[in-house]
Structures are given as structure tokens and as C-alpha cells.
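Engineer: The structure that follows is given in the form of C-alpha cells.
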Amino acid sequence: MKEIKDKLKKGMLSSLIGKFSTYIIQFTLMVVYARVFTPEQFGVFAAIQVFVIFFQMLGEIGLGPALINQQSITPTDRNGIFTATALIGLTVAIVFYFFTFFLNSYYNRTDYQDYGTLLSAAIFFQSLCTIPLVTFQKERKFITIAKVDATAELISAIFVLSLAHLGKPLYALASRPLVVAISKFFIMNSIAKSTAIGSCQFGRNIAAVKPLLEFSTYQFAFNFVNYFSRNLDNILVAKYLGASSLGIYDKAYQLMRYPLMLLTFAMTPAIQPVITEHRSDMKMVLTIHNEFVEKMSILGVIVGFAMYMLANPIVTILLGNQWLQVIPILEILAIIIPIQIVLSTSGSFFQAMNRADLLFASGLVSAIFNVAAIITGIYIGTLEAICWGLVVSFSINFIQSYWVMYRFVYCVNFFIFFQTIIKSLIFAISLSTSLWLFEIMNAQ
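For the sequence shown, this note's numbering begins at 274 and goes up steadily by one.
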């Protein structure tokens, strides 16, 4: 037990330190970009960026987690799988370019295909990054990954700011994912020689991808459903509320996600490799999971409350006065931070326990509630309505996701989960009640 806890703590600490440096750079660049680009320009690009990330996900087809679950990978298999990802990535990139013409029709624009060439190339190179990234994730070299990510972000910033200075703001925004993907691939693949898997080359054994498909198919299905259920809001906001509204909404959501990125997205890469090695000991995994959830839930309440209270200075200081409409949106989204911080880690435990099928099933149920919430908010016609709908849907999904995990993965009573988070629930209720009483006294 102590050994696996030490491994997990070491992996999480390494990932956290590495990701923190990357997020500091991304956060700094976000502050800079907020003063270079307008909400409408961000909104126009955010509308197509939703689909770029989706097509990048298509190019990866869930192979990353599937490869991490493999005990070993031979050089022949590695090169064959790499070739498969390249072919898939190329196909998806070409399809995306032609898809941009449909986006022109959907959003009543005429220029998305102009940026489609850059973004299609970004999708291809992101697919090439799949195997090199796994080589470092399997060996828990998260600081190395973070150094590569940070370097890629800095290189991309040069291109973004240069193109913006030349008066091409949308080309500037479109250049970022391409430069990041190219930089990450060449840097990671060149230094992967020192890893057990090694650097990727093109190979003929494409059939090596077949044993991975059962796991990766469920993983991809979950990613597909989860992605669109969580990004349908961006698609519909851009269509029905306009690019400026999407720029405001996207920036609020981005600010809300930074604590998640730092706390959970930084830690989750360390969970699957460690838990996978010990998944046969169900009792030990459950104990570790409960301790982890208990600590993260309390931390989530603190972060969510702080984000709610400090929404005004956060927006005005970091983004500037042209983004003041972000404040009320951020205040609502702050409510789901505690839920998101815990829920975002659940996928790694499903994957580590080799239950991507249950992850997909739970994700499908989550998608139904998220889509219903988003459509209801769009029908009402305000960003606030969409956000309140998401508060409700994420709360429901939090319960059903962990019910599935405890009932079918750990095979224990779901009440154990409530015992795990009872402290954070009491803490959240106490803070909310105190804030409510304080606002009543101030109103008088």
C-alpha cells in the first residue's frame, strides 16, 4: 500500500510541477492575447476551434490510453502503430479542410477555409504526437512533457504576435495550434530515444494497432460523446447568440478551467500508469481512490468559493475592461468547480481498471443531461441560463458517474462514496450559508 501511494504521490508531484510551469506560460499568454484580440475575434476562432479539437481527437482514436495500458511495446509494433496514426491523421486532416466549407454555411461566413489549411496541418501533426507522448507518459516523465509543452507555447507566441502585428488576427490565432503541434512532435520524438519505447519511425506492421482497438474503441466513443456534450454550448452560442457572446462565454469557461487544469488535469496523467500496475488489488485501489477524492473535494470547495468571491478582480486585472461581461458568467461557473475537480479524475480510474466500457456508458448518460441543459439555455436565450443549466447537469452527472464506478467497478455500496465526501459537503454548505447571511446583512 505504501509503495503504490508513494509512486502515485511522486507521479502526481512530478506532473503537477511540470504542468504548473506550462500553465503559467499559457496563463500569461492568455492575458497578453486578451489585450491583443477582441471578444469577437476570439469568438470567431473559438467557433472553429471546437471542431479542430474534435478532429484532433478523431486522429488519436483513443490509442493513447490504450497504449499506456500495454505492458510492453516492441519497436516493430511501435513503428506500425505510428504509421497507422499518421495515415489516420492525414485522412482526418483532409476531411476537416473540406468540412470548413460547411462551417462557412453554418455560421454565415466566407473565410473559414482560409484558415482551414493551417488547422488541417495542425490536426495531422497532433496525430503524429500520439506515440511520442505515450512514451513519456508510460515512464511518468511529466516534467519532460511539460518542458516540451512550454517550449512549444513560447514558439507559437512568436508567430501569433507577429501575425497579429501584421494585421492578420484570425491567421494569428489559427497559427497557434499548428506551431504547437509541429514543435511538440519534433522535440518529443527526437528526445524519445532515451525512453524504453524509443523514437518513432514509419513501419509496415500497421496490423499492430488491432489488439488496441477493443479498448481504444470504447475510449474513443467516450471521448466523442463527452466532447460534443461539453462543447455543444460553444457551437450553439456562436450560431444563435453571436461571435461576441461566444468570445465572452469561452473566456469565462477558460478562466474556470484553469484551476481544473492545475489541480486535476495535471494530476490525472499520473493516475492511470500507477493504478494499472496494481489494479488486481481492488481493496487497495478503492482505499487510495477514497483518500484521493476526499482531499480533492475539500480543495475543490475552497477553489470554487475563491473563484466566486474574486471573479470581479480576476477579470478586470487579467483581461481588462473590454471583458467585464465575463464576470457574472464566471461567478455561476465557479459553482461547478468542486464537482469538476473531482469528476475530472474519474476517467483515469475507469481506464486504469480497464473499464473503458463503463466510462463510455456513464459518459453517454452525462451527455444526455448536458445536451438538455445547453439546449434549454439556448432556448431561453442568455449565457446565464446556459451556465445554470450546466450547474444542474454536472451535479446529476457527478452522482451517476460515481454510482456506476462504485457499483460496477469496485462492487461496493454507493454510500461509501458519500461518506468520503461528507466533510466537503458540510464545508460547502457552511461557506454558502455564511455568504448568504453576509449578503442579507449588507442589503439591509
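Here a beta-carbon is modelled for each residue, glycine too, at the ideal position from N, C-alpha and C.
Quick one: using the 10 Å Cβ neighbour count with 16 as the cut-off for buried, is D422 buried or exposed?
Structural biologist: Flag for D422 reads buried.
Engineer: Tell me where the alpha helix (DSSP H) around W596 begins and ends.
Structural biologist: Looking at the DSSP string, W596 is not in any alpha helix (DSSP H), and its letter there is neither H nor E.
Engineer: Can you grab the Cα-Cα spacing for the pair V558 / I689, in whole Å?
Structural biologist: Their backbone Cα atoms lie some 14 Å apart in a straight line.
Engineer: Does the stretch 357-372 touch the stretch 385-399, meaning 3 or more C-beta pairs lie closer than 8 Å?
Structural biologist: Yes, they touch.
Engineer: Just curious, the alpha helix (DSSP H) that K457 is in, first and last residue?
Structural biologist: Counting along the chain, the alpha helix (DSSP H) containing K457 begins and ends at 442-464.
Engineer: Can you tell me whether DSSP reads D384 as helix, strand or coil?
Structural biologist: If DSSP states are grouped into helix, strand and coil, D384 belongs with coil.
Engineer: Between F691, I590, C684, L340, which has its C-alpha nearest F671's C-alpha?
Structural biologist: Cα-wise, what sits closest to F671 is F691.
Engineer: Could you tell me the boundaries of the alpha helix (DSSP H) in which D630 lies?
Structural biologist: Note, D630: alpha helix (DSSP H), 629-653.
Engineer: Leaving aside the five residues before and after M626 along the sequence, list all residues of the same chain whose C-beta is less than 6 Å from its C-beta, in chain order.
Structural biologist: R552, V682, listed in sequence order.
Engineer: Across the stretch 356-363 and the stretch 504-523, are there enough close Cβ pairs to call them in contact, namely three or more that are closer than 8 Å?
Structural biologist: The stretch 356-363 is not in contact with the stretch 504-523.
Engineer: Can you tell me where the alpha helix (DSSP H) holding K420 begins and where it ends?
Structural biologist: Where K420 is concerned, the enclosing alpha helix (DSSP H) stretches over 415-438.
Engineer: How about K292 and A419: do their beta carbons lie closer than 8 Å?
Structural biologist: A contact, by the Cβ cut-off of 8 Å.
Engineer: Can you tell me which of C684, I695, G353, S294 puts its alpha carbon nearest to the alpha carbon of R477?
Structural biologist: Measuring from the Cα of R477, the nearest candidate turns out to be G353.
Engineer: Keeping to the same chain, check which residues put their C-beta closer than 7 Å to that of L401; ignore five residues upstream and five downstream.
Structural biologist: Cβ neighbours of L401 beyond the five flanking positions: T358, A359, G362, F458.
Engineer: Taking the alpha carbon of V452 as the point to measure from, which residue in Y370, L436, K466, M555 has its own alpha carbon closest?
Structural biologist: With distances taken between Cα atoms, V452 lies closest to L436.
Engineer: Take N499 and list the residues in its own chain whose beta-carbon comes closer than 6 Å to its own, dropping the five residues that flank it on each side.
Structural biologist: So the qualifying residues of the chain are G636.
Engineer: Given that a residue counts as buried once 16 or more other Cβ atoms are within 10 Å of its Cβ, and exposed if not, what is F720?
Structural biologist: Outside the displayed span of the chain (274 to 717) sits residue 720, for which this structure offers no information.
Engineer: With DSSP collapsed to three states, give me the class of N478.
Structural biologist: In this structure, N478 counts as coil in the three-state DSSP scheme.
Engineer: Taking just the CA atoms, how far does F622 sit from N563?
Structural biologist: Those two C-alpha atoms are separated by around 11 Å.
Engineer: Let me know if K466 comes out buried or exposed under the rule of 16 or more other beta-carbons within 10 Å of its beta-carbon.
Structural biologist: Answer is exposed; the Cβ neighbour count stays below 16.
Engineer: With 16 as the cutoff for other CB atoms within 10 Å, does C660 come out buried or exposed?
Structural biologist: Label assigned to C660: buried.
Engineer: Tell me which residue opens and which closes the alpha helix (DSSP H) that M678 is part of.
Structural biologist: Element bounds for M678: n/a, residue is neither H nor E.
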